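Here's the structure, in structure tokens; my notes come after.
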Amino acid sequence: MDSISRYHLSAHEAGLWNVIDTTTGGPAEVEVDGKFMLLYKLPREEAEGWSRTLNAGLGAHRPSRAKP
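Taking the numbering used here, the leading residue of the sequence shown gets 79, the next gets one more, and so forth.
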């Protein structure tokens with residue numbers, strides 16, 4: 079991912095991953111099925127998927143673990 083992307087990955091000390099929103103400096107927040115969830119402490123594959131989708135500007139990404 080390039081340096082101009084809005085969403086970046088960061089490693090959590092527990093071995094999980096966060097999707098960071100560079101406009102806030104904190105975990106990205108998305109709405110899934112009317113519920114908000116933070117993209118925090120996710121498996122790497124899921125975090126990478128969210129990051130790619132958000133950077134592409136799509137809002138319909140719903141990974142298998144979409145419920146908080």
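Each residue gets a CB set at the ideal place from its N, CA and C atoms; glycine is no exception.
Note that the coordinates shown come from a computational prediction; the quantities given were computed from them, not determined experimentally.
Taking a contact as a CB-CB distance under 8 Å, the pair H90 and K113 does not count as one, their CB atoms being some 22 Å apart.
The criterion of a C-beta distance shorter than 9 Å is satisfied by S129 and L87. When R84, Y85, I82 and N96 are compared, the shortest CA-CA separation from P121 is found for N96. The DSSP-derived three-state label of G112 is coil. Per DSSP, Y118 has no beta bridge partner at all.
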